[in-house]
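Colleague: Residue numbers (the working numbering), protein chains in the order written: chain V, 1 to 327; chain D, 1001 to 1327. After the C-alpha cells below, expect a handful of questions from me.
Protein chains: 2
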Amino acid sequence: METREDPRILLPTDAIIRLSATCICGSDLWPYRGVEAVRGPSPMGHEYVGVVQEVGSEVENIRPGQFVIGSFFASDNTCLICRAGYQTSCIQREPVGGLGAQAQYLRVPLADGTLVATPDTPSDDLIPDLLAASDMLGTGWFGAVAAEVGPGKTVAVVGDGAVGLLAVLAAKQLGAERIIAMSRYEPRQELAIHYGATDIVTERGDDGVARIKDVTDGVGAHSVIEAVGTQESMMTSIRSTRPGGHVGYVGVAHDVQLPGEELFLSHVHLHGGPAPVRRFLPDLIDLIWNRQIDPGKVFDLSLPLEQAAEGYKAMDERRAIMVLLNP
Amino acid sequence: METREDPRILLPTDAIIRLSATCICGSDLWPYRGVEAVRGPSPMGHEYVGVVQEVGSEVENIRPGQFVIGSFFASDNTCLICRAGYQTSCIQREPVGGLGAQAQYLRVPLADGTLVATPDTPSDDLIPDLLAASDMLGTGWFGAVAAEVGPGKTVAVVGDGAVGLLAVLAAKQLGAERIIAMSRYEPRQELAIHYGATDIVTERGDDGVARIKDVTDGVGAHSVIEAVGTQESMMTSIRSTRPGGHVGYVGVAHDVQLPGEELFLSHVHLHGGPAPVRRFLPDLIDLIWNRQIDPGKVFDLSLPLEQAAEGYKAMDERRAIMVLLNP
Chain V
1 METREDPRIL LPTDAIIRLS ATCICGSDLW PYRGVEAVRG PSPMGHEYVG VVQEVGSEVE
61 NIRPGQFVIG SFFASDNTCL ICRAGYQTSC IQREPVGGLG AQAQYLRVPL ADGTLVATPD
121 TPSDDLIPDL LAASDMLGTG WFGAVAAEVG PGKTVAVVGD GAVGLLAVLA AKQLGAERII
181 AMSRYEPRQE LAIHYGATDI VTERGDDGVA RIKDVTDGVG AHSVIEAVGT QESMMTSIRS
241 TRPGGHVGYV GVAHDVQLPG EELFLSHVHL HGGPAPVRRF LPDLIDLIWN RQIDPGKVFD
301 LSLPLEQAAE GYKAMDERRA IMVLLNP
Chain D
1001 METREDPRIL LPTDAIIRLS ATCICGSDLW PYRGVEAVRG PSPMGHEYVG VVQEVGSEVE
1061 NIRPGQFVIG SFFASDNTCL ICRAGYQTSC IQREPVGGLG AQAQYLRVPL ADGTLVATPD
1121 TPSDDLIPDL LAASDMLGTG WFGAVAAEVG PGKTVAVVGD GAVGLLAVLA AKQLGAERII
1181 AMSRYEPRQE LAIHYGATDI VTERGDDGVA RIKDVTDGVG AHSVIEAVGT QESMMTSIRS
1241 TRPGGHVGYV GVAHDVQLPG EELFLSHVHL HGGPAPVRRF LPDLIDLIWN RQIDPGKVFD
1301 LSLPLEQAAE GYKAMDERRA IMVLLNP
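Structure (C-alpha cells):
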C-alpha cells in the first residue's frame, strides 16, 4: 500500500470515479504468487463500482453523481467488434488493471462505452453484488454463455473460485437442468449448492472426468465451464464434455498447450477468453437491482483498503474465497 | 495392390457393397509419406459408393440392389451422440478405413445407420459427385457449418486440397457473402473460383493472415475453415478469424499444439474434428441429384483400381487434386 497522486482526466473521453468498493481477483494472485512476473511496485486491481466525480469534455452519457459499474477493459462499445458483443477485444480497448482499481479514485477511459449506471444510488447492501458484476459474475456468466448453457442441459463447472461459483449461479439462471460443481472445499461446496449446484464432485483430473461421465450416460456433460486456467483444468474440461458439447473457458490461461489430435477427436466446441462483461452488465444490474441474484455472497471477507496485503494473504491461503476492499 | 479374399457378412448388422467408385483421400497421403507409421501391408481407403450385394439378418432399411453412400465411420445413427449430429463419435462407431474401401467389395458395419440410398440408380456422370459426398464434400461442409458460415459473412478457407475446395462450395451454398480461398496453385485457384471464391490469397502463414486482415477491416474473417491439419494451418486459421468469429477445423491434426494464452486472447470459437458426414448426406445427395452442385469436379484424374499406386504418386506430387479409382 502506498499513496499515489489522485488520477486526473487525461483524455476528453475519460471519467474519474470515487470507488465505493473494490476487491481482489483470483487473477491478482498470479503476480502475487510470482507466477506472473512483476517488475516493481504496480497499481493493482481492475474491479470497481463507484460514483462519477468528473467527466471529460466528450463524455455524453455518463454524468457526475451517477453510480456506475465498469469492467476490466475499457471499450468504446461502438466498433464492429464491440457491436458483435466482444467488448474485451474492442479495437480501442484499454486495460483498467494497469490503472489500479484497488484505490480511492480511478480514471476510467472511454467512459461512455465502458461505464453502465445503476437506476439510482444503490443501498449499501447491494454494493457487494454490484461489485461482483464488474468481473467475476460477468466472467462466470460469459463462461456459461460460451458453453451454451440452456434448458435441459447438464453443466459441469471446473473451478470453485468466485468465477466458478458465479458460473454455477449463471448456469442456474440460464435454465440448466443439472449443474455439477467440482470442489474439494466445504464452504465453497455450500455456496455452489446455494447458487444451484445439483451435484458436487470432489475428485480432480482424470478421476473427476470419470465421475462426471458416471452421471452423464458415460458421455460427459453438454456444457463445461472452465474457471481456472491451468493445463489440468483445461484438459479436465475438454475430457468432461460430450462430443458435440461446449467448453466455455474463462480462467486466464497460464502455460496451457492444447494437444491438437485430442482436441480434434473430442468433437467439442471451444470458446472463451477475457469475458466481455460489458455485454452482460445491463442485464446483470437488472437482476441484482431486482434482488433476483446475490452474487455478492462470494465476498466472505471485507477489509479496509489499507489492509489489502492481508486480503491477498487470506485469498492465497484459501482462508477467503473473495476479499472486498473498502476504500 | 494385392488380391484379398472378398469380404463376407460377419455381423447381422453388416452389408456388403460392390463399389462403383472409390478414391484416394488427402489423408491417405499421411501414411503414404511416412508421416503416419504403417506396420506392413494395410487395407486402404474409406470413401465409397456402390450397389448393395447382401445384407445381414438384422438390416431393415437397406436392401440388395440399392445404390448407397456411406462415410468413413460406421455409426448406428440412433445413440444420443448420433442424434445430436455427431455420428463420427457414435458410441458404436467403427472406422471403415481399416476395412479398405479401395477395393471391389466392402463390408460396411451398422448398415442401417451408416448407408444412405440414392432415389434410384444414378447415371454414370453423377457417380464422381456422389463419391465426393462420401468424405471430402461432407467434410468441407462440416467445416463450413462448424465455422458458422452464413449469409452476410466473410469466409476464409485455409487449404486448397479437395476438402478446402469443397468447403468453398459449401460456403457458397450456405450463403456466404465473400469467400477468400488461400491457394498458390493455379488449377486449384480456378476450381475455387468455379465453386464461388471471390478472392484468392496466395500468401501463407503470417503474410496470409495480413492479407486476410487487409480485406476484412483489419479484424479478420467471420468464419475460417481449416482444411490441412498442420500447426501452421491451425495458427493461420485462428489468427485470420476476428474476435467472436468461428474457426471450423477439419484437417486431420498432426503434431498440433495450440498455445492456450494466444487462443484465450483470440476470442475465437473453435470447433471441428472428424466430420459427421452422415448428418449431411441426405441433403448433399439431394443437391447432387438435382444437379445443383458439382463436387465431382475435384477428381481431375481417373484410374483403374489396379493403378492405385500411380494415383498416390500423382497426388503426392500435386499432379492431381484428387484421384478417382474404378474398381
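For each residue, glycine too, the CB sits at the ideal point set by N, CA and C.
#1: Closest to F299 of chain V by C-alpha separation, out of V:A132, V:D214, V:L287, V:F280, would be which residue?
#2: Measuring CA to CA, which of V:E310, V:E317, V:I285, V:R318 is closest to P128 of chain V?
#3: For a quick check, are the C-beta atoms of V158 of chain V and V215 of chain V less than 8 Å apart?
#4: Against chain V, with Cβ distances strictly below 8 Å, would P1264 of chain D count as a contact?
#5: If I follow the unbroken beta strand (DSSP E) through H269 of chain V, where does it start and stop?
#6: Write down every uninterrupted run of the beta strand (DSSP E) in the segment 1176 to 1242 of chain D whose length is 3 residues or greater and which is fully enclosed by it, in chain order.
#7: Which residue wins for smallest C-alpha separation from P31 of chain V, given the options V:V277, V:H254, V:E148?
#8: Roughly how many whole angstroms lie between the Cα atoms of L130 of chain V and D112 of chain V?
#9: What residue does the alpha helix (DSSP H) around I1285 of chain D start on, and which one ends it?
#10: Quick one: measure Cβ to Cβ for V137 of chain V and L166 of chain V, integer angstroms, because I've assumed they're closer than 8 Å.
#11: Can you give, in chain order, each stretch of the beta strand (DSSP E) that sits fully within the segment 25 to 96 of chain V and has at least 3 residues?
#12: If we call anything under 8 Å between Cβ atoms a contact, is F264 of chain V one with V1252 of chain D?
#13: Could you tell me which residues DSSP pairs with Q257 of chain V in its beta bridges?
#14: Taking only three categories from DSSP, how would you classify P1109 of chain D?
#15: Count the other CB atoms, across all protein chains shown, that sit within 10 Å of the CB of T1022 of chain D; report buried if there are 16 or more and exposed otherwise.
#16: For D1214 of chain D, decide whether its Cβ has a neighbour in chain V, counting only Cβ atoms nearer than 8 Å.
#17: The beta strand (DSSP E) with S1134 of chain D in it runs from where to where?
#18: Got a sec, what are the start and stop residues for the beta strand (DSSP E) D1300 of chain D sits in?
#19: Leaving out the 5 sequence neighbours to the left and right, which residues in its chain are closer than 7 Å to I1081 of chain D when beta-carbon positions are compared?
#20: By the DSSP assignment, the alpha helix (DSSP H) with E166 of chain V in it spans what residues?
#21: Compare the C-beta of V15 of chain V against all C-beta atoms of chain D and say whether one is closer than 8 Å.
#22: So, under 8 Å CB-CB, S223 of chain V and G248 of chain V are touching, yes? Tell me the CB distance rounded to an integer number of Å.
#23: Nearest chain V C-beta to H1046 of chain D closer than 8 Å, yes or no?
#24: What does V323 of chain V pair with, by DSSP beta-bridge criteria?
#25: Could you tell me which residues DSSP puts in a beta bridge with I1017 of chain D?
#26: Helix or strand or just coil, what does DSSP make of G1248 of chain D?
#27: Hey, is E226 of chain V's beta-carbon within less than 8 Å of any beta-carbon in chain D?
#28: Determine, using beta carbons only, whether P259 of chain V comes closer than 8 Å to chain D.
#29: Within a Cβ cutoff of 7 Å, which residues of the same chain sit near G1098 of chain D, ignoring the five residues on either side of it in sequence?
#30: Taking Cβ-Cβ distances below 8 Å as the criterion, which residues of the segment 54 to 83 of chain V are in contact with chain D?
#31: For my contact list, E1232 of chain D and G1205 of chain D are in at a C-beta cut-off of 8 Å; report their separation, rounded to the angstrom.
#32: So that I know if they touch, is there some Cβ in chain D lying closer than 8 Å to that of S89 of chain V?
#33: State yes or no: is the C-beta of R188 of chain V within less than 8 Å of the C-beta of V155 of chain V?
#34: Does DSSP put V145 of chain V in a helix, in a strand, or in coil?
#35: Relative to the alpha-carbon of C1025 of chain D, which residue among D:F1072, D:I1016, D:E1094 has its alpha-carbon at the smallest distance?
#36: DSSP three-state label for A156 of chain V, please.
Modeller: To lay it out plainly:
#1: Nearest C-alpha to F299 of chain V: V:A132.
#2: V:I285
#3: The answer is no: Cβ separation not under 8 Å.
#4: In the sequence as presented, Pro is not what sits at residue 1264 of chain D; that position holds Phe. It does; some Cβ of chain V falls within 8 Å.
#5: 269 to 272
#6: 1178 to 1182, 1199 to 1201, 1221 to 1226
#7: V:H254
#8: 19 Å
#9: 1277 to 1289
#10: The sequence given here places Leu at residue 137 of chain V; Val does not occur at that position. Confirmed, Cβ separation roughly 5 Å.
#11: 48 to 55, 67 to 70
#12: For F264 of chain V and V1252 of chain D, yes; Cβs fall inside 8 Å.
#13: Beta-bridge pairing links Q257 of chain V to D:P1259.
#14: Reduced to three states, the DSSP call for P1109 of chain D is coil.
#15: buried
#16: no
#17: Annotation: S1134 of chain D is outside any beta strand (DSSP E); the continuous alpha helix (DSSP H) that includes it extends over 1127 to 1134.
#18: 1299 to 1304
#19: S1089, C1090, I1091
#20: The residue you asked about is not Glu; residue 166 of chain V is Leu in the sequence shown. Note, L166 of chain V: alpha helix (DSSP H), 162 to 173.
#21: First, the residue type needs correcting, since residue 15 of chain V is Ala and not Val in the sequence shown. False, the Cβ-Cβ gap to chain D never drops below 8 Å.
#22: 7 Å
#23: Contacts with chain V at 8 Å (Cβ-Cβ) do not include H1046 of chain D.
#24: V:I24, V:L301
#25: D:V1052, D:L1106
#26: strand
#27: With 8 Å as the cut-off, E226 of chain V does not count as an interface residue toward chain D.
#28: Among the CB atoms of chain D, one or more fall inside 8 Å of the CB of P259 of chain V.
#29: P1043
#30: Along the segment 54 to 83 of chain V, going in chain order, the ones with a CB nearer than 8 Å to a CB of chain D are L80, I81.
#31: At roughly 6 Å, the Cβ-Cβ gap stays under 8 Å, so E1232 of chain D and G1205 of chain D are in contact.
#32: yes
#33: no
#34: helix
#35: D:F1072
#36: Three-state result, A156 of chain V: strand.
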